[in-house]
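*Asks:* Counting the sequence shown from 1 gives a position; the numbering used here is that position plus 8.
After the structure tokens below, expect a handful of questions from me.
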Amino acid sequence: AALVDGATPYRAFWDIILPLARPALGATAIIGFLTAWNEYEFALVLTTTERVRTISVAIASFIGEFTTEWNLVMAAAAVGTVPVVIIFLFFQRQLMHGLTGGAVKG
């Protein structure tokens, strides 16, 4: 419809298609980020030194065969959630707009 009204394909993409696709693109970005963030096996196999290990591998290293350092596990898990919470707070408005965008109003 935008092309019929005289908009260029570039203008139709930026003004019509992209705003409609923004919630889906945001959800895809969040799912991709969380998948990469929680990739435990990949990081366990490919990292060789303690310095380059990810937070999930570091948390698993606190779990021993006979004992578990629960205080370290919980502290590391709390620190590991900080970046995810910051990203959520940064994109909260877009996420809520995407969740309520398809809601029936009445």
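Yeah, the Cβ is synthetic: ideal placement off N, Cα and C, and Gly gets one too.
Could you pull out every residue in the same chain whose Cβ sits closer than 7 Å to the Cβ of residue 65, ignoring the five residues on either side in sequence?
*Replies:* Only residues of its own chain outside the window of five on either side were considered, and among them 48, 51, 52 and 55 have a CB closer than 7 Å to the CB of residue 65, listed in chain order.
*Asks:* From the DSSP output, in three-state form, read off residue 76 for me.
*Replies:* strand
*Asks:* When the distance is taken between beta carbons, is residue 81 closer than 7 Å to residue 70?
*Replies:* yes
*Asks:* Which runs of the alpha helix (DSSP H) fall wholly inside the stretch 16-50 and span at least 4 residues, in chain order?
*Replies:* 17-20 and 26-45, all fully within the stretch 16-50.
*Asks:* Based on the DSSP output, what are the partners of residue 94 in its beta bridges?
*Replies:* Looking at the DSSP assignment, residue 94 forms no beta bridge with any residue, so it has no partner.
*Asks:* Roughly how many angstroms separate the alpha carbons of residue 94 and residue 100, rounded to a whole number?
*Replies:* 10 Å
*Asks:* Assuming residue 5 contacts residue 26 under a Cβ cut-off of 8 Å, what Cβ separation, rounded to an integer in Å, is found between them?
*Replies:* Beyond the ends of the chain as shown, which are 9 and 114, falls residue 5; an answer cannot be given.
*Asks:* Between the beta-carbon of residue 67 and the beta-carbon of residue 83, is there less than 7 Å?
*Replies:* Taking 7 Å as the Cβ cut-off, residue 67 and residue 83 do not qualify as a contacting pair.
*Asks:* Note down the Cα distance separating residue 63 from residue 77, rounded to an integer number of angstroms.
*Replies:* Going by the C-alpha atoms only, they are around 15 Å apart.
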